[in-house]
Amino acid sequence: MCRKHRSPKPEGLSTRTGINNVTVRQADIFHLPFPAASFDHVFLCFVLEHLARPVEALKALKYILKPGGTITVIEGDHGSAYFYPDSDFAHQAVRCQVARQARAGGNALIGRALYPLLREAGFSGVHVSPRMVYVDSSKPDLVEGFTKNTFAAMIEGIRKPSVESGMMSEADFDKGIADLYRTAEADGVFCYPFLRQVLLTIPRPSSRRSK
525 MCRKHRSPKP
535 EGLSTRTGIN
545 NVTVRQADIF
555 HLPFPAASFD
565 HVFLCFVLEH
575 LARPVEALKA
585 LKYILKPGGT
595 ITVIEGDHGS
605 AYFYPDSDFA
615 HQAVRCQVAR
625 QARAGGNALI
635 GRALYPLLRE
645 AGFSGVHVSP
655 RMVYVDSSKP
665 DLVEGFTKNT
675 FAAMIEGIRK
685 PSVESGMMSE
695 ADFDKGIADL
705 YRTAEADGVF
715 CYPFLRQVLL
725 TIPRPSSRRS
735 K
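According to this note's numbering, the sequence shown is numbered sequentially starting from 525.
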């Protein structure tokens, strides 16, 4: 969320971007330092998946939207990833990430639940649309940037806790990671609903906080 504000700009923002009329602020989503009906639009990206109370967070954001304001919500869905060559070991390694995030109070599968969550939070005019990231060797930037350095690297990063907790054996987890990187080779394909469900526009009829 950005808006014009008199607070000092973070050092280097204008120098790096050439933008000098935006203030970046950090705050607790459940205790936002803004009055009701402060914003025309709110953009939320890969946040709800880490929260144990996503509906409460959405209600807090609804409170600061102006009447008729809109919100965009983007989340992923790890459980909907698929690839070629397929691998049960790779899918099991991905499930380790889903399980670990759930234990921490989050939800790596939250993309598929956006519509009911937004409706529960009191939003109307909800429109959800899937967006797929498809990667093959004809897209070398995505092969490096997404398949290898984003998704496979993320799953590889939970190797130690997944093995130590007994979720997978060391050999099986390593096989799963190798198979994920295998999808980045010349004949491989990786597909992920990176924007599984996108809330495009939501009219907000009232500035009163939802209970």
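Where a beta carbon is used, it is the ideal one built from N, C-alpha and C, also for glycine. Note that the structure is predicted; figures quoted are calculated from it, not measured.
Exercise for the section: Rounded to whole angstroms, what's the CA-CA distance from Gly592 to His565? Just pull it up for me. Expected result: Residue mapping note: residue 592 aligns to position 68 of the sequence shown, counting from 1. Residue mapping note: residue 565 aligns to position 41 of the sequence shown, counting from 1. Rounded to whole angstroms, Gly592 to His565 spans 9 Å at the Cα level.
Handout entry: Asp587 versus Val597: straight-line alpha-carbon distance, rounded
Key = For the purposes of this step, residue 587 is taken as the residue at position 63 of the sequence shown. For the purposes of this step, residue 597 is taken as the residue at position 73 of the sequence shown. At residue 587 the sequence reads Tyr, which differs from the Asp that was named. Between Tyr587 and Val597, the alpha-carbon positions lie close to 15 Å from each other.
Exercise for the section: Would you check if the stretch 629-636 and the stretch 688-707 touch, i.e. whether three or more CB-CB distances between them fall below 8 Å? Expected result: Of all C-beta pairs linking the stretch 688-707 to the stretch 629-636, fewer than three are shorter than 8 Å, placing the two stretches out of contact.
Exercise for the section: Take Arg733 and list the residues in its own chain whose beta-carbon comes closer than 6 Å to its own, dropping the five residues that flank it on each side. Expected result: If you number the sequence shown from 1, residue 733 lands on position 209. With a pLDDT of only 46 at Arg733, under the threshold of 50, the placement of this residue in the model should not be trusted; the figure read from the coordinates follows. Within the same chain, Tyr587 come within 6 Å of Arg733 by CB-CB distance, once the 5 residues on both sides are set aside.
Practice task
From the DSSP output, read off the bridge partner residues of Leu582.
Solution key: Within the sequence shown, the letter at position 58 stands for residue 582. In the DSSP output, where bridge partners are listed per residue, Leu582 has none listed.
Practice task
Return the chain-ordered list of same chain residues with a C-beta closer than 6 Å to the C-beta of Val687, the five sequence neighbours on each side being excluded.
Solution key: Indexing the sequence shown from 1 puts residue 687 at position 163. These residues qualify, in order along the chain: Glu694, Phe697.
Practice task
For my contact list, His602 and Gln621 are in at a C-beta cut-off of 8 Å; report their separation, rounded to the angstrom.
Solution key: Indexing the sequence shown from 1 puts residue 602 at position 78. Indexing the sequence shown from 1 puts residue 621 at position 97. Indeed they touch by this definition, with Cβ atoms about 6 Å apart.
Exercise for the section: Please state whether DSSP places Val722 in a helix, a strand or coil. Expected result: Counting from 1 along the sequence shown, the entry for residue 722 is found at position 198. Caution applies to Val722, whose pLDDT of 46 falls short of 50 and renders its modelled position unreliable; the value that the coordinates give is listed next. Residue state, collapsed to three classes: strand.
Handout entry: Beta-bridge pairing of Asp660 - partner residues as DSSP gives them
Key = In the sequence shown, residue 660 corresponds to position 136, counting from 1. Answer by DSSP bridge pairing, in chain order: Val713.
Handout entry: Pro640 in three-state terms, based on DSSP
Key = In the sequence shown, the residue the question calls residue 640 occupies position 116. In the structure shown, Pro640 sits in a helix (DSSP, three-state: H, G or I).
Exercise for the section: Have a look at the DSSP bridge pairing and note the partners of Tyr606. Expected result: Along the sequence shown, one-based indexing puts residue 606 at 82. DSSP lists Cys715 as partners of Tyr606.
Exercise for the section: Could you name the residues of the same chain whose beta carbon sits closer than 6 Å to that of Lys735, not counting the 5 residues immediately before and after it, in chain order? Expected result: Counted from its first residue, the sequence shown places residue 735 at position 211. For Lys735, the predicted structure reports a pLDDT of 43, less than 50, and the residue's modelled location is therefore unreliable. A value from the coordinates is still provided. If we look at Lys735 and ignore the five residues flanking it on each side, it has no Cβ neighbours.
Handout entry: Spatial neighbours of Leu641 in its chain, beta-carbon cut-off 8 Å, leaving aside the 5 residues before and after
Key = On the sequence shown, residue 641 is found 117 positions in, with the first residue counted as 1. If you ignore the 5 residues before and after Leu641, its C-beta comes within less than 8 Å of the C-beta of Leu572, Pro578, Val579, Leu582, Ile634, all in its own chain and listed in chain order.
Exercise for the section: State the CB to CB distance for the pair Asp703 and Ser611, rounded to an integer number of angstroms; the pair is presumed to be in contact (CB under 8 Å). Expected result: Here the question's residue 703 lines up with position 179 in the sequence shown. Here the question's residue 611 lines up with position 87 in the sequence shown. About 4 Å; that satisfies the 8 Å criterion.
Exercise for the section: Return the bridge partner residues of Phe563 from the DSSP annotation. Expected result: As a first step, residue 563 must be located in the sequence shown, where it is residue number 39. Note: Phe563 is bridge-paired with Leu589 in the DSSP secondary-structure output.
Practice task
Put Thr671 into one of helix, strand or coil per three-state DSSP.
Solution key: Numbered from 1 along the sequence shown, position 147 holds the residue referred to as residue 671. Thr671: helix per DSSP, three-state reduction.
Exercise for the section: Let me know the secondary structure DSSP gives Thr541 once reduced to three states. Expected result: Your numbering for residue 541 matches position 17 in the sequence shown. Helix.
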